[in-house]
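>
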Amino acid sequence: MALHSAQTENKKMKTLLSLFLGMWVVIDLNQTIFAEKIQVEKGTTKTATAVAVAKSFVGTPYVAHTLERSPENLVCNLREFDCYTFVESVLAITHARHHQKSYMQFQNQLVQMRYRNGVIDGYGSRLHYFLEWKFQGEAKGLFDDVTEELGGTKIQPSINFMTSHRAAYAGLVEEKDFQTTQEVEAKLSSKSWHYLPKKEVEGIEPKLQDGDIIGITSGIEGLDFNHEGFVVKRNGRAYLLHASLEAKKVILATETLSDYLQRVKKHSGIVVLRIK
Numbered sequence: 269m270a271l272h273s274a275q276t277e278n279k280k281m282k283t284l285l286s287l288f289l290g291m292w293v294v295i296d297l298n299q300t301i302f303a304e305k306i307q308v309e310k311g312t313t314k315t316a317t318a319v320a321v322a323k324s325f326v327g328t329p330y331v332a333h334t335l336e337r338s339p340e341n342l343v344c345n346l347r348e349f350d351c352y353t354f355v356e357s358v359l360a361i362t363h364a365r366h367h368q369k370s371y372m373q374f375q376n377q378l379v380q381m382r383y384r385n386g387v388i389d390g391y392g393s394r395l396h397y398f399l400e401w402k403f404q405g406e407a408k409g410l411f412d413d414v415t416e417e418l419g420g421t422k423i424q425p426s427i428n429f430m431t432s433h434r435a436a437y438a439g440l441v442e443e444k445d446f447q448t449t450q451e452v453e454a455k456l457s458s459k460s461w462h463y464l465p466k467k468e469v470e471g472i473e474p475k476l477q478d479g480d481i482i483g484i485t486s487g488i489e490g491l492d493f494n495h496e497g498f499v500v501k502r503n504g505r506a507y508l509l510h511a512s513l514e515a516k517k518v519i520l521a522t523e524t525l526s527d528y529l530q531r532v533k534k535h536s537g538i539v540v541l542r543i544k
């Protein structure tokens, strides 16, 4: 009996050691990737730097749900992205490139962008809706929303997708986080903002700039946005540089932004954010 108990404890220790070493390798790899990306040539503007950093990630695998941890904590993952973590990571690296160039600076910037008021306080404190992320980023001076000046249409949709599909979000199990998300949805639903219907995007492409952040609005009831990425201009046309679910990796699209929007039925239009 004692031998069996000792063997069991030994297995547990080996498992814990394996997990610890695995975590250390991942942390070390992320820092190694950061050290490489922080050496990307600094542009004359943050926008130019962001484009260079974003292009350097082309080919990086697309993986969803990489932020889901319990308890909630900061996840820095430069090995794989979804569309949201790709844009956030590029912006955070760009910020560090123009400031302290440290991994700690990168981590801090991720917290400031990803969490409400830069404070981690459970699942509900993360900015799950792109619309809230946009509003906070504007308030912090990270970018300007130029959609209205591009001729955007004013809207005020009802936002409630997450709480209407509670079972699909493991993080909403806790009542505190569910109530926080309900409050966020009510606040977002009370705000008006501008978007460009997808049929109008081709006409405003000449006004789009390299590095503009494109938020792709949703035609799904209760949902604000489906996707996001960066603009890259080629021969006067706009293309999306993004973490693509279809391609399963970060790509620079071969079809124009307008053609992409028309092809995907659930996409209704765009919001344009210009990095400051």
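My numbering puts the first residue of the sequence shown at 269, with every later residue one more than the last.
Glycine included, each C-beta is placed from N, C-alpha and C at the ideal position.
These numbers come from a predicted model, not from an experiment.
Between which two residues does the alpha helix (DSSP H) holding Glu526 run?
In the sequence shown, counting from the first residue as 1, residue 526 sits at position 258. Rather than Glu, the amino acid found at residue 526 in this sequence is Ser. First-last of the alpha helix (DSSP H) with Ser526: 525 to 531.
> What first and last residue would you give for the beta strand (DSSP E) that runs through Ile388?
Residue mapping note: residue 388 aligns to position 120 of the sequence shown, counting from 1. Segment: none, Ile388 is in no beta strand (DSSP E) and carries neither H nor E.
> By alpha-carbon positions, which one of Gly419, Asn494, Glu496 ends up nearest to Pro465?
Indexing the sequence shown from 1 puts residue 465 at position 197. Comparing Cα-Cα distances from Pro465 to each of Gly419, Asn494, Glu496, the minimum goes to Gly419.
> If you drop the 5 nearest sequence neighbours on each side, which residues of the same chain put their C-beta closer than 7 angstroms to that of Ala511?
On the sequence shown, position 243 is the one that residue 511 refers to. Once the five neighbours on either side are set aside, the close Cβ partners of Ala511 are Tyr330, Phe349, Asp350, Cys351, Phe354, Val518.
> Here's the rule I'm using: 16 or more other beta-carbon atoms within 10 Å means buried, otherwise exposed. How should Asp296 be labelled?
Position 28 of the sequence shown holds residue 296. Exposed, because fewer than 16 other Cβ atoms sit within 10 Å of the Cβ of Asp296.
> So, helix, strand or coil for His363, using DSSP?
Here the question's residue 363 lines up with position 95 in the sequence shown. In this structure, His363 counts as helix in the three-state DSSP scheme.
> Per DSSP, which one or two residues make a beta bridge with Glu496?
Here residue 496 corresponds to residue number 228 of the sequence shown, with the count starting at 1. Glu496 is bridged to Gly483.
> Indicate whether Arg542 and Asp480 have their beta-carbon atoms separated by less than 8 angstroms.
Looking up residue 542 in the sequence shown gives position 274. Looking up residue 480 in the sequence shown gives position 212. In contact: Arg542 and Asp480 (Cβ atoms closer than 8 angstroms).
> Anyone know if the C-beta pair for Leu476 and Val452 falls short of 8 angstroms?
Position 208 of the sequence shown, counting from 1, holds the residue named residue 476. Position 184 of the sequence shown, counting from 1, holds the residue named residue 452. No, the Cβ-Cβ distance between Leu476 and Val452 is not below 8 angstroms.
> Output the boundary residues of the alpha helix (DSSP H) element that contains Val319.
Along the sequence shown, one-based indexing puts residue 319 at 51. Note, Val319: alpha helix (DSSP H), 314 to 324.
> Using 10 angstroms around the beta-carbon of Gln368, count the other beta-carbons present and answer buried if the total reaches 16, otherwise exposed.
In the sequence shown, residue 368 corresponds to position 100, counting from 1. Exposed: under 16 other Cβ atoms inside 10 Å.
> Going by DSSP, what residue range makes up the beta strand (DSSP E) through Thr421?
Walking along the sequence shown from the start, residue 421 turns up at place 153. Note, Thr421: beta strand (DSSP E), 421 to 423.
> So what does Val518 bridge to, in DSSP terms?
Here the question's residue 518 lines up with position 250 in the sequence shown. Paired residue(s): Ala511.
> Taking Cβ positions, are Phe374 and Phe325 nearer each other than 8 angstroms?
Position 106 of the sequence shown, counted from the first residue, corresponds to residue 374. Position 57 of the sequence shown, counted from the first residue, corresponds to residue 325. Contact flag unset, no.
> What are the start and end residues of the beta strand (DSSP E) that includes Gly405?
Here the question's residue 405 lines up with position 137 in the sequence shown. Taken as a continuous stretch (DSSP letters only), Gly405 belongs to no beta strand (DSSP E), being part of the alpha helix (DSSP H) at 398 to 407.
> Taking buried to mean at least 16 other C-beta atoms within 10 Å of its own C-beta, is Asn298 buried or exposed?
Taking the first residue of the sequence shown as position 1, residue 298 is located at position 30. Asn298 is buried by the Cβ-count criterion.
> What does the Cβ neighbour count give for Ile427, buried or exposed, with the cut at 16 atoms within 10 Å?
For the purposes of this step, residue 427 is taken as residue 159 along the sequence shown, with counting starting at 1. The residue is buried, with at least 16 neighbouring Cβ atoms inside 10 Å.
> Quick one: residues in its chain with C-beta nearer than 8 angstroms to the C-beta of Val321, no 5 flanking neighbours on either side, listed in chain order?
Position 53 of the sequence shown, counted from the start, is the residue given in the question as residue 321. Contacts found: Lys305, Val308, Val358, Ile361, Thr362, Arg365.
> What span of residues does the beta strand (DSSP E) with Phe411 cover, start to end?
Here residue 411 refers to the residue found at position 143 when the sequence shown is read from its first residue. 411 to 413 is the span of the beta strand (DSSP E), which, as asked, contains Phe411.
> Run the CB neighbour count on Ile488, radius 10 Å, all protein chains shown included, and call it buried at 16 or more, exposed below.
Within the sequence shown, numbered from 1, the residue matching residue 488 stands at position 220. Per the 10 Å Cβ criterion, exposed.
> So Ser536 is in the beta strand (DSSP E); what residue range does that whole segment cover?
Stepping through the sequence shown from its first residue, residue 536 is reached at position 268. That run of the beta strand (DSSP E) goes 535 to 543.
> Looking only at its chain, what residues have a beta carbon closer than 8 angstroms to the beta carbon of Asp412, apart from the 5 residues adjacent to it on each side?
Numbered from its first residue, the sequence shown carries residue 412 at position 144. Hits under 8 angstroms: Glu406, Leu541, Arg542, Lys544.
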